[in-house]
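Letter by letter, the sequence shown follows residues 1 to 706 of the numbering used here. Think of the CB as a built atom: it goes at the ideal place given N, C-alpha and C, for glycine as much as any other residue. Before any comments, here is the structure.
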Amino acid sequence: MKVCIAEKPSVAKDIANTIGATQRKDGYYEGNGYQVTWTFGHLCTLKEPRDYVEDWKYWNLRHLPMVPSRFGVKVIEDEGIQRQFQIVKRLLVEATEIINCGDAGQEGEVIQRWVFLKSGTKAPIKRLWISSLTEEAIKEGFANLKDGNKFNNLYAAGSARAIGDWLLGINATRLFTKKFALQRQVLSIGRVQTPTLAMIVNRQLEIDNFKPQDYWELRTVYRDTEFNSVLGKIKKLEKAEYALNKIKDEPFEITSFEQKEGKEKPPRLFDLTALQVEANKKQGYSADQTLKLIQSLYEKKLVTYPRVDTTYLPDDVYPKVPGILQNLEYYKELTAPLLNKKLPKSKQVFNNAKVTDHHAIIPTGVKVSGVSPEEQKIYDTITRRFIAIFYPDCKVSNTTVLGEVLKLEFKATGKQILSPGWRVVYQKDDAKSKNKDENLMPVFEKGEKGPHEARLDQKQTSPPKPYTEATLLRAMETAGKHVEDEEARELMKDNGIGRPSTRANIIETLFRRRYIARSGKSIVATHTGIDLIQVIDNETLKSPELTGDWERKLRLIEKGEYQPEQFKQELIEMVVNLTNEVLFNTEKKVIRILDDTKEEEKKKKPKKKRAKTVKVDITSLDCPSCKKEGFLEGKKAYGCAHYKEGCKFVIPFEFMGKKLSNKQLNDLITKGKTTKIKGFKKPGSEESIDGKLELTSDFNVTLNSN
């Protein structure tokens, strides 16, 4: 029996329907010689510290650095996951052939390989590699199954990434938490997370420490056209006024009038980062929100695989384009002019050399139905971009006019659209920005002279702009370097920090940890985030460039050009050096814990105040039962965040009619008992009693009134 294993039940169902496995069984489908089963995302994970050494379950500086001699994998400790794994294991062990139908990317490969590893299967493995979930794509994929061994390097890169994140994340988080944290606050450190935070903090400090300076610009208006002086920013008022007085009564003379026709190519197709940037700019969607929307569209078969980092299509997609355009019924006014002639095949769009695992995000042509308004906006963004690339270039006239007064040069520029070309696809957007894009001006003759109206504009230097999610995503893509040019950005992708599929989660983690906060569309660093970066002396840990170099090495592993063991060894050396640095650091440093983000982000006051009691974030504490970090806040209680892995620990907000304070909850979780509390109500009685709350040996809450 051939066993197909997908990442989600919904994907497994689509595959099963396509290949004829229509009998529903417990945890899989069967039929036509196939069994089709699934994981729930991750069934397996890297082992935790306590799985290697019993004492490693305790957060203690004496145990650092923790470097297992050999990394292992385990099934996640959750009843539902354990049950599904046993079903999958039985099918895999009995299989004559396994078809890996996991998500066609690095993480998808790791998810499935770990399951194969834990199952102990010896069956040969084939790989289904598809870029969309349409019936046509699935059939084509099954007709061209690949040898599973061809993806060994992809697995090696994904495994190296996971091990690297474990080594640095777990060791550094425990190291900085135990050395610098107060109130049992967990200081989360990560291989990609920390340099991302460092970029935000550094920008925030630049803004906070910025001192504006006055400057003046000399401008003049001649024939209703504004000209700017080549002097630029004039820092001294005396110099600016002198120049103004010299020229204001002298005639303005045109020295050059030049009109050049130019072409603007259509914008590139979307990779995931570019789509997240566009959605943040136009719709204000967060990177995480856009990722969820595009993933939903992919699973509804409306767009191709979204977690991609290329803006190109392979040559074999070109013959399919007319069919896709033909099926975009809602856009037929835009597609009709394209379908009447042969479509252009530009190297800016079709380039096999620029496509690796997947191609750029495009619509599949499947009829749109059952989408939310937010999904519709993302779909429209992708579809219009796809249509636009087959339209002609936009023809423009670029005008440059030079003039002078007493040999002092002035310049004015303008642009007129002669033929809109691809811009017709964006007529609504262009109408909104027309005044910004176009600066119509009269025709000038070289040598003409006349009166003009000169003036001085007083301005102030501006601080750097805070990051938005759009600009932060771009900064992550280029390892912190400011790059506008699309070609240059494409070349730098190998050195970006994080992967397109993980960047949204990194940003959300920083929000969740309250290291950063939103202020309108801007992202600002909180006091906790700033303190955390300033407490880290190790530049490697904070450097986007060096983290980008790690990402480049991971891509080289994927290509078979770098050894995973070498990458692992580099990280071990860094963790050992980092541990020694921090352990022998005698400098007293304090990290301010946020009580309430909004209060903390108010304007700083220089006056010294008496220290206030800090409210502890209960959700960041360690569970006394399973020793793992994190609680979830429910309606009536805090529960361990790892309940899916079997931990049942719960702390109620109220016990025997008495509402517990933040300090009492903290004491109960961290110390196993509270101080004496007054006013508990005996069940079925109005009588009140006093006592201490304590945790029993099986981690239930009890009242000790002795």
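Is it right to say residue i is buried, meaning 16 or more other beta carbons lie within 10 angstroms of its own, or is it exposed?
i	result
P49	buried
G496	buried
F584	exposed
E107	buried
L167	buried
G20	exposed
S229	buried
K598	For K598, the predicted model reports a pLDDT of 45, less than 50, meaning its position is unreliable; a value from the coordinates is still stated below. Flag for K598 reads exposed.
G262	exposed
E629	buried
E375	buried
K603	Low per-residue confidence applies at K603: pLDDT is 42, beneath 50, and the placement is therefore not dependable enough to give any value.
Q193	buried
K235	exposed
A6	buried
S419	exposed
V425	buried
V321	buried
N666	buried
K542	buried
R514	buried
P337	exposed
Just to confirm before moving on: does the CB-CB distance between residue i and residue j stay below 7 Å?
i	j	result
K57	K627	yes
K345	A470	no
L291	A504	yes
H641	F653	Sequence check: residue 641 is Ala here, not His. Contact: no.
W114	V73	yes
K415	V396	yes
I389	V349	yes
V575	N32	no
I189	F71	no
K678	D690	yes
T304	I378	no
I15	I138	yes
P212	P544	no
L523	Y467	First, the residue type needs correcting, since residue 523 is Ile and not Leu in the sequence shown. In this structure, Y467 lies closer than 7 Å to I523 by Cβ.
I125	H42	no
L197	G520	no
E708	Y52	In this structure the chain extends from 1 to 706, so residue 708 is not present and cannot be described.
Please list, in chain order, all residues of the same chain as residue i whose beta carbon is under 7 Å from its beta carbon, the five residues on each side excluded.
i	result
R174	W59 and L64
Y331	T383 and I387
K607	For K607, the predicted model reports a pLDDT of 43, less than 50, meaning its position is unreliable and no value from the coordinates is stated.
R307	G105, L272, P500 and S501
K122	none
K612	Confidence at K612 is low in this model, with a pLDDT of 43, below 50, so the placement of that residue should be treated as unreliable; the coordinate-derived value is given next. So no residue of the chain qualifies.
L473	T273, Q276, V277, A287 and R503
G548	A479, N495, G496 and I497
V645	According to the sequence shown, residue 645 is Glu rather than Val. Taken in chain order, the residues that qualify are I76, E77 and D78.
S296	E375
T96	M1, K2 and A123
D357	A104 and G105
Tell me, to the nearest whole angstrom, how far the beta carbon of residue i is from that of residue j; I am working on the premise that it is less than 8 Å.
i	j	result
K559	N209	Going by Cβ atoms, the distance from K559 to N209 rounds to 43 Å, so no, they are not a contact pair.
F252	H452	4 Å
S620	F699	That pair is no contact at about 19 Å.
F40	I99	Between I99 and F40 the Cβ distance is about 19 Å, and since that is not below 8 Å, they are no contact.
I200	I516	6 Å
V3	Q35	5 Å
L532	L187	6 Å
Who are the near neighbours of residue i in its chain, counting only those whose CB is closer than 6 Å to its CB and skipping five residues on each side?
i	result
T311	R268, L269, D271 and A360
T413	T400
R552	D494 and N495
F567	A160 and K553
K248	A454
E206	P464
P314	N352, V355 and H359
T177	V186 and L187
Apart from the five residues just before and just after residue i, which ones in its own chain have a Cβ nearer than 8 Å to its Cβ?
i	result
A707	An answer regarding residue 707 cannot be provided, because it is not within the stretch 1 to 706 covered by the chain.
E226	R219, T220 and A412
L693	F655, L660, Q664, L668, K673, T674, I677, V701, T702, L703 and N704
- [ ] Counting only runs of 3+ residues fully inside the region 394 to 426, write out the beta strand (DSSP E) ranges in chain order.
- [x] 394 to 405 and 408 to 419
Open item on the list: Threshold first: 4 residues or longer. Then list the alpha helix (DSSP H) segments lying entirely within the region 178 to 256, N to C.
Closed with: 193 to 208 and 237 to 247
Task: Any alpha helix (DSSP H) of 4 or more consecutive residues that is wholly inside the region 449 to 518 - done: 469 to 477, 486 to 492 and 500 to 512
- [ ] Run through the region 249 to 308 for me and flag every whole alpha helix (DSSP H) of 4 or more residues, listed as ranges in chain order.
- [x] 272 to 282 and 287 to 299
Task: Length-filtered (3 minimum) beta strand (DSSP E) runs lying within the region 116 to 181 - done: 125 to 127
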